[in-house]
Amino acid sequence: EAQVTQNPRYLITVTGKKLTVTCSQNMNHEYMSWYRQDPGLGLRQIYYSMNVEVTDKGDVPEGYKVSRKEKRNFPLILESPSPNQTSLYFCASSLQPMNTEAFFGQGTRLTVV
Amino acid sequence: AQKITQTQPGMFVQEKEAVTLDCTYDTSDQSYGLFWYKQPSSGEMIFLIYQGSYDEQNATEGRYSLNFQKARKSANLVISASQLGDSAMYFCAMRVVFGNEKLTFGTGTRLTIIP
Chain A
14 EAQVTQNPRY
24 LITVTGKKLT
34 VTCSQNMNHE
44 YMSWYRQDPG
54 LGLRQIYYSM
64 NVEVTDKGDV
74 PEGYKVSRKE
84 KRNFPLILES
94 PSPNQTSLYF
104 CASSLQPMNT
114 EAFFGQGTRL
124 TVV
Chain B
23 AQKITQTQPG
33 MFVQEKEAVT
43 LDCTYDTSDQ
53 SYGLFWYKQP
63 SSGEMIFLIY
73 QGSYDEQNAT
83 EGRYSLNFQK
93 ARKSANLVIS
103 ASQLGDSAMY
113 FCAMRVVFGN
123 EKLTFGTGTR
133 LTIIP
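Just so you know, the sequences run in chain order A and B.
Its first residue numbered 14, the first sequence is counted upward by one per residue in this note's numbering.
Its first residue numbered 23, the second sequence is counted upward by one per residue in this note's numbering.
Here it is, written out as structure tokens:
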């Protein structure tokens, strides 16, 4: 089954404790992205990757890091989480053609206290 | 830069009625794609329908259709014969051809179907 898998689904952590949210896709997609969803703001792109070892900032990259060492994996790293990073996070992957939809992971609800 | 505007924060619709969710967009690019996603209370993002900027016909997928008016820069989603399971958050999004594969999202419309 074609899917994007994120882990964990839910996470409560404390300010400053490094964490990683994993994302893996089994569709051999070149493009992968991370978004965060906040009430009243829709989804905003954090980072994206056009292929292995190619990553770039999206609209709200501050406080986040990513890596793309393998095509299927695109982890999101919060080196020192802060309460303003409490949000719902989505990983997405897609093929290159513009007319293909992005496939989203199930979401990770992160709370930083 | 691209921008998506959804002006209806919430809508209540009687079951079996048709519903139109508004979406207007702004871009200087000539080649772009417009998407609608559904987000039920469980949180996942479900792709519904796609319209390309050069597509002459409005897209349809089952009970979903996209009313594309290019001159007005609008891409409204029409759901025919609404069902209780249609209650969800709906997001309009855009992707342009040149640039990163980013989807630019609107703020969403929460649709509630009343029995």
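Glycine is no exception: its CB is placed at the ideal position from the N, C-alpha and C atoms.
Quick caveat: nothing in here was measured; it's all calculated off a predicted structure.
Smallest Cα separation from residue i: which of the options?
{"i": "S75 of chain B", "options": "B:K38, B:V119, B:C45 and B:A110", "result": "B:V119"}
{"i": "T99 of chain A", "options": "A:M63, A:Q16, A:T18 and A:P52", "result": "A:P52"}
Looking at residue i: is its Cβ nearer than 8 angstroms to the Cβ of residue j?
{"i": "P62 of chain B", "j": "L106 of chain B", "result": "no"}
{"i": "D48 of chain B", "j": "T29 of chain B", "result": "no"}
{"i": "T46 of chain B", "j": "K95 of chain B", "result": "yes"}
{"i": "Y112 of chain B", "j": "K60 of chain B", "result": "yes"}
{"i": "I59 of chain A", "j": "V73 of chain A", "result": "yes"}
{"i": "Q73 of chain B", "j": "A97 of chain B", "result": "yes"}
{"i": "T33 of chain A", "j": "P88 of chain A", "result": "yes"}
By the 10 Å Cβ neighbour count, where 16 or more other Cβ atoms means buried, how is residue i classified, buried or exposed?
{"i": "T134 of chain B", "result": "exposed"}
{"i": "T121 of chain A", "result": "buried"}
{"i": "T129 of chain B", "result": "buried"}
{"i": "G118 of chain A", "result": "buried"}
{"i": "Q16 of chain A", "result": "exposed"}
{"i": "I25 of chain A", "result": "exposed"}
Comparing the CB of residue i with every heavy atom of the ligand GTP, is any distance shorter than 7 angstroms?
{"i": "V119 of chain B", "result": "The ligand GTP is absent from the structure shown, which contains no ligand whatsoever."}
With which residues is residue i paired in a DSSP beta bridge?
{"i": "S107 of chain A", "result": "A:Y44"}
Selection of the region 95–108 of chain B by Cβ proximity to chain A, strictly under 8 angstroms: none
Members of the region 115–128 of chain B that neighbour chain A once the beta carbon cut-off is set at 7 angstroms: R117, V119, N122, E123, K124, L125, F127 and G128
Near-chain A residues of the region 72–83 of chain B - C-beta to any C-beta below 8 angstroms: Y72 and G74
Contacting positions in the region 26–40 of chain B - beta carbon closer than 9 angstroms to chain A: I26, Q28 and P31
Chain B contacts made by the region 18–51 of chain A, where a contact means CB separation under 7 angstroms: Y44 and S46
The region 49–60 of chain B: positions lying closer than 9 angstroms to chain A by Cβ: S53, Y54, G55, F57 and Y59
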